[in-house]
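Worksheet: one structure, shown below.
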Amino acid sequence: MIRSDFLDAVGNTPLIKLRKASELTGCNILGKAEFMNPGGSVKDRAAKAIVLDAEARGLLRPGGVIVEGTAGNTGIGLALVANSLGYRTVIVIPETQSQEKKDMLRLCGADLREVPAVPYRDENNYVKFSGRLAEELAITEANGAIWANQFDNV
């Protein structure tokens, strides 16, 4: 199947009948194949929704920056969606994350900012750090910046 663009490939993942579970229970048990999203996880859907919502509300301008504190899959989804729409992505990540995750984020086009891994109550926790960084970049970046704020973005 040919998709019209990257965003069109996010979502609409198939349902797969789980044969053995269905046989054991006597009813159809289905699994949603979210791993078939371009970034390999359900977080691609959230990333797409966050970015499209920010666009619709006029918070993102062409060439703008999306900032997020994440330890992984949301950052991958944001970087992929942002790149497809012409935005830059800055991901704040705990330095203790695996090298593979860091490499993947960079391959997806994210600019990584590694910070020490500290508890959420600490003001330098990666999530709180990302919020402050987004505020700073909103002032200094010519095309502005937003904080994706995945944990409280409703």
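In the numbering used here, the protein residues as written are 1461 to 1614. Don't be surprised by glycine CBs; every beta carbon is placed ideally from N, CA and C. Since the model is a prediction, treat every value here as computed from it, not as a measurement.
query: Below 7 Å CB to CB, which residues in the same chain sit around residue 1585 once its five sequence neighbours on both sides are set aside?; result: 1578 and 1579
query: Residue 1512 to residue 1594, Cα distance in whole Å?; result: 18 Å
query: Would you say residue 1525 and residue 1597 are within 8 Å of each other, going by their C-beta atoms?; result: yes
query: What are the complete alpha helix (DSSP H) segments, minimum 4 residues, inside the stretch 1478 to 1517?; result: 1479 to 1485 and 1503 to 1516
query: Assuming residue 1549 is part of the beta strand (DSSP E), what are its boundary residues?; result: 1548 to 1554
query: Over what stretch of residues does the alpha helix (DSSP H) that includes residue 1606 continue unbroken?; result: Per DSSP, residue 1606 belongs to no alpha helix (DSSP H); it is in the beta strand (DSSP E), 1605 to 1607.
query: Hey, is the stretch 1541 to 1553 in contact with the stretch 1568 to 1576, meaning 3+ C-beta pairs nearer than 8 Å?; result: yes
query: Over what stretch of residues does the beta strand (DSSP E) that includes residue 1587 continue unbroken?; result: Element bounds for residue 1587: not the beta strand (DSSP E) but the alpha helix (DSSP H), 1586 to 1600.
query: Look at the alpha carbon of residue 1498 and the alpha carbon of residue 1604, and state the distance between them as a whole number of angstroms.; result: 27 Å
query: If the criterion is Cβ atoms closer than 8 Å, does the pair residue 1467 and residue 1508 meet it?; result: yes
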